[in-house]
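Novice: Sharing a structure here in C-alpha coordinates format.
Numbering (the UniProt record's numbering), first residue to last: 1 to 345.
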(Lines of atoms letter the chains of each structure in order from A; the text may use other names.)
(Lines give C-alpha, C1' and ligand atoms only; values in the text may rest on other atoms or scores of the structure.)
Protein backbone atom coordinates (compact mmCIF):
# COMPACT_ATOMS: atom_id res chain seq x y z
CA UNK A 1 0.00 0.00 0.00
CA UNK A 2 0.97 3.64 -0.30
CA UNK A 3 -1.25 5.92 1.72
CA UNK A 4 1.06 8.76 2.67
CA UNK A 5 4.00 10.50 1.00
CA UNK A 6 6.21 13.56 1.43
CA UNK A 7 7.31 15.99 -1.28
CA UNK A 8 8.92 19.00 0.35
CA UNK A 9 10.96 20.55 -2.48
CA UNK A 10 9.81 23.92 -3.73
CA UNK A 11 8.49 24.18 -7.31
CA UNK A 12 11.77 25.43 -8.81
CA UNK A 13 13.92 22.83 -7.10
CA UNK A 14 11.45 20.09 -7.99
CA UNK A 15 11.82 21.05 -11.64
CA UNK A 16 15.62 20.95 -11.36
CA UNK A 17 15.49 17.58 -9.62
CA UNK A 18 13.51 16.18 -12.58
CA UNK A 19 16.05 17.16 -15.27
CA UNK A 20 16.33 14.62 -18.09
CA UNK A 21 17.68 14.11 -21.61
CA UNK A 22 15.20 14.25 -24.47
CA UNK A 23 15.21 12.12 -27.60
CA UNK A 24 18.02 14.20 -29.09
CA UNK A 25 20.17 13.87 -26.00
CA UNK A 26 19.65 17.45 -24.89
CA UNK A 27 19.51 18.05 -21.15
CA UNK A 28 16.20 19.64 -20.21
CA UNK A 29 14.02 20.46 -17.27
CA UNK A 30 10.30 19.71 -17.44
CA UNK A 31 8.03 22.72 -17.75
CA UNK A 32 5.57 23.34 -14.95
CA UNK A 33 1.91 23.50 -15.88
CA UNK A 34 0.23 25.83 -13.37
CA UNK A 35 3.08 25.68 -10.86
CA UNK A 36 1.20 28.08 -8.59
CA UNK A 37 -1.12 25.22 -7.61
CA UNK A 38 1.68 23.12 -6.19
CA UNK A 39 2.11 23.06 -2.41
CA UNK A 40 5.13 21.26 -0.90
CA UNK A 41 4.31 19.01 2.02
CA UNK A 42 6.01 16.68 4.47
CA UNK A 43 2.78 14.72 4.89
CA UNK A 44 0.54 14.16 1.85
CA UNK A 45 -2.49 11.88 1.99
CA UNK A 46 -5.10 10.77 -0.57
CA UNK A 47 -7.41 13.52 -1.85
CA UNK A 48 -4.59 16.05 -1.49
CA UNK A 49 -2.71 17.14 -4.59
CA UNK A 50 0.81 16.17 -5.54
CA UNK A 51 3.35 16.59 -8.36
CA UNK A 52 3.53 14.16 -11.27
CA UNK A 53 5.51 13.89 -14.50
CA UNK A 54 3.79 13.12 -17.79
CA UNK A 55 4.42 13.38 -21.51
CA UNK A 56 3.64 16.77 -23.02
CA UNK A 57 1.78 15.02 -25.83
CA UNK A 58 -1.13 14.40 -23.46
CA UNK A 59 -1.67 18.16 -23.44
CA UNK A 60 -0.40 19.04 -26.91
CA UNK A 61 -1.00 16.52 -29.70
CA UNK A 62 1.87 17.66 -31.93
CA UNK A 63 4.45 17.64 -29.12
CA UNK A 64 7.39 15.25 -28.93
CA UNK A 65 6.19 12.39 -26.73
CA UNK A 66 9.58 12.25 -24.99
CA UNK A 67 9.13 15.81 -23.69
CA UNK A 68 8.04 15.94 -20.07
CA UNK A 69 5.91 18.35 -18.08
CA UNK A 70 5.14 18.71 -14.39
CA UNK A 71 1.57 18.97 -13.13
CA UNK A 72 -0.08 19.09 -9.74
CA UNK A 73 -2.84 16.46 -9.69
CA UNK A 74 -5.24 15.18 -7.07
CA UNK A 75 -4.38 11.84 -5.50
CA UNK A 76 -7.18 9.32 -6.05
CA UNK A 77 -8.11 8.57 -9.66
CA UNK A 78 -11.50 9.70 -10.93
CA UNK A 79 -12.14 7.92 -14.26
CA UNK A 80 -13.27 10.03 -17.18
CA UNK A 81 -16.51 8.05 -17.42
CA UNK A 82 -17.61 8.87 -13.84
CA UNK A 83 -21.08 10.41 -14.18
CA UNK A 84 -21.83 12.00 -10.80
CA UNK A 85 -21.32 15.71 -10.30
CA UNK A 86 -19.01 15.36 -7.29
CA UNK A 87 -15.78 13.33 -7.58
CA UNK A 88 -15.78 12.78 -3.81
CA UNK A 89 -18.77 10.50 -4.38
CA UNK A 90 -16.53 7.81 -5.86
CA UNK A 91 -17.81 4.61 -4.20
CA UNK A 92 -14.36 3.04 -3.81
CA UNK A 93 -10.78 3.98 -2.99
CA UNK A 94 -8.60 4.64 -6.05
CA UNK A 95 -5.49 6.04 -4.38
CA UNK A 96 -3.66 2.76 -5.14
CA UNK A 97 -3.98 0.39 -8.08
CA UNK A 98 -2.76 -3.19 -7.87
CA UNK A 99 -0.52 -4.14 -10.78
CA UNK A 100 -2.12 -7.58 -11.14
CA UNK A 101 -5.59 -6.11 -11.70
CA UNK A 102 -4.91 -2.75 -13.38
CA UNK A 103 -5.71 -4.15 -16.84
CA UNK A 104 -8.91 -5.75 -15.56
CA UNK A 105 -10.62 -3.06 -13.51
CA UNK A 106 -12.59 -0.48 -15.48
CA UNK A 107 -11.36 2.39 -13.28
CA UNK A 108 -7.82 1.95 -14.60
CA UNK A 109 -7.94 -0.16 -17.76
CA UNK A 110 -9.26 2.54 -20.08
CA UNK A 111 -6.77 5.17 -18.99
CA UNK A 112 -3.85 2.73 -19.08
CA UNK A 113 -4.67 1.50 -22.58
CA UNK A 114 -4.84 5.13 -23.74
CA UNK A 115 -1.28 5.66 -22.49
CA UNK A 116 -2.18 7.84 -19.53
CA UNK A 117 0.92 6.89 -17.61
CA UNK A 118 2.58 9.26 -15.15
CA UNK A 119 5.38 9.30 -12.59
CA UNK A 120 4.39 10.32 -9.07
CA UNK A 121 7.16 12.28 -7.34
CA UNK A 122 8.03 12.20 -3.65
CA UNK A 123 10.89 12.51 -1.20
CA UNK A 124 9.68 9.10 -0.07
CA UNK A 125 6.60 7.41 1.34
CA UNK A 126 5.44 6.35 4.78
CA UNK A 127 4.36 2.90 5.83
CA UNK A 128 3.15 1.59 9.17
CA UNK A 129 4.24 -1.65 10.81
CA UNK A 130 1.54 -3.31 12.87
CA UNK A 131 2.65 -4.66 16.26
CA UNK A 132 1.12 -5.45 19.62
CA UNK A 133 1.65 -1.92 20.89
CA UNK A 134 0.06 -0.23 17.88
CA UNK A 135 1.61 0.95 14.62
CA UNK A 136 5.17 2.16 14.03
CA UNK A 137 5.62 4.49 11.01
CA UNK A 138 8.64 4.25 8.70
CA UNK A 139 9.90 6.57 5.96
CA UNK A 140 11.04 4.75 2.79
CA UNK A 141 13.16 6.36 0.07
CA UNK A 142 16.00 5.95 -2.42
CA UNK A 143 19.57 5.66 -1.01
CA UNK A 144 21.13 9.10 -0.94
CA UNK A 145 24.69 10.27 -1.57
CA UNK A 146 26.52 12.97 0.33
CA UNK A 147 25.57 15.31 -2.53
CA UNK A 148 22.03 15.27 -1.16
CA UNK A 149 23.25 17.58 1.59
CA UNK A 150 23.56 20.50 -0.84
CA UNK A 151 21.20 21.52 -3.60
CA UNK A 152 23.76 23.41 -5.67
CA UNK A 153 22.94 26.50 -7.68
CA UNK A 154 20.41 27.25 -10.39
CA UNK A 155 23.09 27.25 -13.08
CA UNK A 156 24.50 23.85 -12.16
CA UNK A 157 24.20 21.30 -14.95
CA UNK A 158 23.11 18.51 -12.63
CA UNK A 159 20.87 18.45 -9.58
CA UNK A 160 22.89 17.63 -6.47
CA UNK A 161 20.11 17.55 -3.94
CA UNK A 162 17.74 14.88 -2.69
CA UNK A 163 17.06 12.05 -5.14
CA UNK A 164 13.30 11.92 -5.57
CA UNK A 165 11.42 8.65 -5.34
CA UNK A 166 9.76 8.04 -8.72
CA UNK A 167 6.61 5.91 -8.53
CA UNK A 168 4.65 4.56 -11.49
CA UNK A 169 1.14 5.93 -11.74
CA UNK A 170 -1.92 6.17 -13.97
CA UNK A 171 -3.81 9.42 -14.43
CA UNK A 172 -7.10 10.45 -15.94
CA UNK A 173 -8.99 13.63 -16.70
CA UNK A 174 -12.57 14.06 -15.49
CA UNK A 175 -14.99 16.74 -16.70
CA UNK A 176 -17.96 17.65 -14.51
CA UNK A 177 -21.23 16.55 -16.22
CA UNK A 178 -22.58 20.09 -15.96
CA UNK A 179 -19.37 21.55 -17.38
CA UNK A 180 -16.53 23.31 -15.66
CA UNK A 181 -12.83 22.94 -15.06
CA UNK A 182 -11.24 19.59 -15.91
CA UNK A 183 -9.95 17.63 -12.93
CA UNK A 184 -6.69 15.68 -13.30
CA UNK A 185 -6.26 12.81 -10.84
CA UNK A 186 -3.85 9.91 -10.41
CA UNK A 187 -3.39 6.56 -8.71
CA UNK A 188 -0.14 4.92 -7.57
CA UNK A 189 0.47 1.42 -8.90
CA UNK A 190 1.40 -1.14 -6.24
CA UNK A 191 3.36 -4.40 -6.46
CA UNK A 192 4.36 -7.14 -4.03
CA UNK A 193 6.63 -5.67 -1.38
CA UNK A 194 10.34 -6.35 -1.79
CA UNK A 195 12.03 -8.62 0.73
CA UNK A 196 13.73 -5.77 2.61
CA UNK A 197 10.52 -3.95 3.46
CA UNK A 198 7.91 -6.74 3.43
CA UNK A 199 7.98 -6.94 7.24
CA UNK A 200 6.65 -3.36 7.38
CA UNK A 201 3.80 -3.76 4.90
CA UNK A 202 1.19 -5.64 6.87
CA UNK A 203 -1.66 -7.12 4.85
CA UNK A 204 -4.70 -4.93 4.37
CA UNK A 205 -8.24 -6.25 4.28
CA UNK A 206 -9.09 -7.24 0.71
CA UNK A 207 -5.52 -7.46 -0.50
CA UNK A 208 -5.74 -11.19 -0.92
CA UNK A 209 -3.14 -13.88 -0.38
CA UNK A 210 0.37 -12.55 0.09
CA UNK A 211 -1.08 -9.09 0.40
CA UNK A 212 2.09 -7.14 1.26
CA UNK A 213 2.26 -4.31 -1.25
CA UNK A 214 4.48 -1.32 -1.98
CA UNK A 215 4.55 1.35 -4.71
CA UNK A 216 5.92 0.34 -8.11
CA UNK A 217 9.17 2.31 -8.17
CA UNK A 218 10.85 3.30 -11.43
CA UNK A 219 14.57 3.21 -10.71
CA UNK A 220 16.54 5.30 -13.19
CA UNK A 221 15.79 7.66 -16.06
CA UNK A 222 15.55 4.91 -18.68
CA UNK A 223 12.67 3.30 -16.80
CA UNK A 224 11.02 6.71 -16.39
CA UNK A 225 11.46 7.44 -20.10
CA UNK A 226 9.82 4.18 -21.16
CA UNK A 227 6.95 4.59 -18.73
CA UNK A 228 6.17 8.15 -19.84
CA UNK A 229 6.72 7.83 -23.60
CA UNK A 230 3.39 6.20 -24.48
CA UNK A 231 3.78 6.94 -28.19
CA UNK A 232 7.00 4.94 -28.47
CA UNK A 233 6.48 2.31 -25.77
CA UNK A 234 3.16 0.39 -25.97
CA UNK A 235 1.27 -0.64 -22.86
CA UNK A 236 2.32 -4.29 -23.16
CA UNK A 237 5.98 -3.26 -22.99
CA UNK A 238 5.54 -0.56 -20.36
CA UNK A 239 3.86 -2.86 -17.83
CA UNK A 240 7.01 -5.02 -17.79
CA UNK A 241 8.65 -2.14 -15.88
CA UNK A 242 6.27 -2.68 -12.98
CA UNK A 243 8.40 -4.76 -10.64
CA UNK A 244 9.41 -4.63 -6.96
CA UNK A 245 12.75 -2.95 -6.26
CA UNK A 246 15.35 -3.66 -3.59
CA UNK A 247 17.06 -0.30 -4.12
CA UNK A 248 15.39 1.48 -1.22
CA UNK A 249 16.23 2.22 2.40
CA UNK A 250 14.09 3.24 5.34
CA UNK A 251 14.11 4.44 8.91
CA UNK A 252 11.54 4.69 11.70
CA UNK A 253 9.93 8.07 12.29
CA UNK A 254 7.81 9.60 15.01
CA UNK A 255 4.09 8.86 15.31
CA UNK A 256 3.76 12.62 14.82
CA UNK A 257 3.23 11.74 11.14
CA UNK A 258 0.11 9.74 11.96
CA UNK A 259 -2.03 12.84 11.68
CA UNK A 260 -2.11 14.21 8.15
CA UNK A 261 -2.60 17.66 9.66
CA UNK A 262 1.00 17.61 10.91
CA UNK A 263 3.22 19.07 8.18
CA UNK A 264 6.73 19.82 9.42
CA UNK A 265 10.19 18.22 8.96
CA UNK A 266 9.59 16.26 12.15
CA UNK A 267 7.35 13.94 10.11
CA UNK A 268 10.28 12.32 8.30
CA UNK A 269 13.17 12.87 10.72
CA UNK A 270 14.85 9.61 11.84
CA UNK A 271 14.30 8.30 15.35
CA UNK A 272 15.76 5.33 17.19
CA UNK A 273 13.15 2.85 18.36
CA UNK A 274 13.00 2.64 22.13
CA UNK A 275 14.96 5.88 22.63
CA UNK A 276 13.28 8.50 24.77
CA UNK A 277 15.58 11.44 24.10
CA UNK A 278 19.03 10.67 22.78
CA UNK A 279 19.12 9.64 19.12
CA UNK A 280 22.22 8.06 17.62
CA UNK A 281 23.45 9.09 14.21
CA UNK A 282 23.56 6.69 11.27
CA UNK A 283 24.89 7.48 7.78
CA UNK A 284 21.40 7.82 6.32
CA UNK A 285 20.02 9.78 9.26
CA UNK A 286 22.87 12.31 8.95
CA UNK A 287 22.16 12.74 5.24
CA UNK A 288 18.47 13.11 6.01
CA UNK A 289 19.00 15.76 8.68
CA UNK A 290 21.52 17.68 6.60
CA UNK A 291 19.05 17.67 3.75
CA UNK A 292 16.25 18.86 6.00
CA UNK A 293 18.41 21.77 7.15
CA UNK A 294 19.51 22.73 3.64
CA UNK A 295 16.38 22.26 1.54
CA UNK A 296 13.99 24.71 3.09
CA UNK A 297 13.67 27.08 0.09
CA UNK A 298 10.10 26.98 -1.14
CA UNK A 299 9.15 24.29 1.37
CA UNK A 300 6.37 24.37 3.99
CA UNK A 301 8.93 25.44 6.62
CA UNK A 302 11.18 28.05 5.00
CA UNK A 303 13.23 29.21 7.96
CA UNK A 304 15.89 27.14 9.67
CA UNK A 305 14.48 28.32 12.99
CA UNK A 306 11.31 26.42 12.13
CA UNK A 307 13.17 23.10 12.28
CA UNK A 308 12.60 21.05 15.44
CA UNK A 309 15.11 22.13 18.10
CA UNK A 310 16.18 18.55 18.66
CA UNK A 311 17.58 18.08 15.14
CA UNK A 312 21.04 19.02 16.38
CA UNK A 313 21.26 15.77 18.33
CA UNK A 314 21.55 13.87 15.04
CA UNK A 315 24.78 15.64 14.15
CA UNK A 316 27.75 13.90 15.74
CA UNK A 317 31.25 12.95 14.65
CA UNK A 318 31.27 10.56 11.68
CA UNK A 319 30.42 6.98 12.60
CA UNK A 320 31.88 3.88 10.89
CA UNK A 321 30.36 3.11 7.51
CA UNK A 322 27.55 0.61 7.85
CA UNK A 323 25.69 -1.61 5.45
CA UNK A 324 21.92 -1.55 5.07
CA UNK A 325 21.81 -4.72 7.16
CA UNK A 326 23.83 -3.03 9.94
CA UNK A 327 21.54 -0.03 9.97
CA UNK A 328 18.49 -2.26 9.96
CA UNK A 329 19.96 -4.22 12.89
CA UNK A 330 20.62 -1.01 14.83
CA UNK A 331 17.09 0.29 14.27
CA UNK A 332 15.15 -2.93 14.75
CA UNK A 333 17.30 -5.35 16.71
CA UNK A 334 18.60 -5.52 20.26
CA UNK A 335 22.02 -6.92 21.21
CA UNK A 336 22.36 -8.98 18.07
CA UNK A 337 18.77 -10.24 18.08
CA UNK A 338 17.70 -10.82 14.45
CA UNK A 339 15.22 -8.24 13.23
CA UNK A 340 12.93 -10.97 11.91
CA UNK A 341 12.81 -12.56 15.33
CA UNK A 342 11.90 -9.28 16.94
CA UNK A 343 9.17 -8.83 14.32
CA UNK A 344 7.56 -12.10 15.39
CA UNK A 345 7.54 -11.15 19.05
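Glycine included, every Cβ here is placed at the ideal spot set by N, Cα and C.
If we count the other Cβ atoms within 10 Å of its Cβ and call it buried at 16 or more, is residue 310 buried or exposed?
Specialist: A caution first: residue 310 carries a pLDDT of 27, below 50, which makes its placement in the model unreliable, though a value can still be read off. Exposed.
Novice: Could you give the first and the last residue of the continuous alpha helix (DSSP H) run that contains residue 110?
Specialist: 106-113
Novice: Mind checking which residues open and close the alpha helix (DSSP H) that includes residue 235?
Specialist: Per DSSP, the continuous alpha helix (DSSP H) segment holding residue 235 begins and ends at 235-238.
Novice: Do residue 77 and residue 348 count as a contact pair if the criterion is CB distance below 9 Å?
Specialist: With the chain represented from 1 up to 345, any question about residue 348 goes unanswered, as that position is not in the structure.
Novice: For a test of the three-state rule: what should DSSP assign to residue 18, helix, strand or coil?
Specialist: coil
Novice: Based on Cα-Cα distance, which residue from 110, 125, 170 lies nearest to residue 164?
Specialist: 125
Novice: Could you check whether residue 7 and residue 55 sit closer than 9 Å to each other, using their CB atoms as the reference points?
Specialist: no
Novice: For residue 14, tell me which candidate among 50, 192, 21, 266 has the shortest Cα-Cα distance.
Specialist: 50
Novice: DSSP three-state label for residue 224, please.
Specialist: helix
Novice: CA-CA distance, residue 200 and residue 218?
Specialist: 20 Å
Novice: To the nearest angstrom, how far is it from the Cα of residue 145 to the Cα of residue 212?
Specialist: Cα to Cα, the separation comes out at about 29 Å.
Novice: According to DSSP, simplified to helix, strand and coil, what is residue 257?
Specialist: Of the three classes helix, strand and coil, the one that applies to residue 257 here is helix, per DSSP.
Novice: What number of angstroms, rounded off, separates the C-alpha of residue 88 from the C-alpha of residue 181?
Specialist: 15 Å
Novice: Where does residue 43 fall in DSSP's three states?
Specialist: strand
Novice: Give the DSSP-derived three-state secondary structure of residue 89 in the structure shown.
Specialist: helix
Novice: Going by CA-CA distance only, name the one from 234, 172, 247 that's closest to residue 65.
Specialist: For residue 65, the nearest C-alpha among the options comes from 234.
Novice: Look at residue 18 and residue 70 and say whether their C-beta atoms are less than 9 Å apart.
Specialist: yes
Novice: Assuming residue 99 contacts residue 191 under a Cβ cut-off of 8 Å, what Cβ separation, rounded to an integer in Å, is found between them?
Specialist: 5 Å
Novice: Just how far apart, CA to CA, sit residue 138 and residue 273?
Specialist: 11 Å
Novice: From which residue to which residue does the beta strand (DSSP E) around residue 69 run?
Specialist: 68-75
Novice: What is the DSSP secondary structure of residue 51, reduced to helix, strand or coil?
Specialist: strand
Novice: So, helix, strand or coil for residue 57, using DSSP?
Specialist: In the structure shown, residue 57 adopts helical secondary structure according to DSSP, grouped into three states.
Novice: Going by C-alpha to C-alpha distance, which of 27, 12, 5 sits closest to residue 158?
Specialist: 27
Novice: Under 6 Å Cβ to Cβ from residue 108, same chain only, skipping five residues before and after it: list those, please.
Specialist: Annotation for residue 108: 97, 102, 170 place their beta carbon closer than 6 Å to its own, counting only its chain and skipping 5 residues before and after.
Novice: Suppose you measure from the CA of residue 246 to the CA of residue 220; what does that come to, to the nearest Å?
Specialist: 13 Å
Novice: Going along the chain, which residues of its own chain have a beta-carbon closer than 6 Å to the beta-carbon of residue 63, five neighbours each way excluded?
Specialist: 56, 57
Novice: Residues bridged to residue 128 by DSSP?
Specialist: According to DSSP, residue 128 bridges with 137.
Novice: Does residue 116 pass the burial test, meaning 16 or more other C-beta atoms within 10 Å, or should it be called exposed?
Specialist: Buried.
Novice: Can you grab the Cα-Cα spacing for the pair residue 227 / residue 242, in whole Å?
Specialist: 9 Å
Novice: Go ahead and pull the three-state DSSP assignment for residue 96.
Specialist: strand
Novice: Is the beta carbon of residue 75 sitting closer than 9 Å to the one on residue 48?
Specialist: yes
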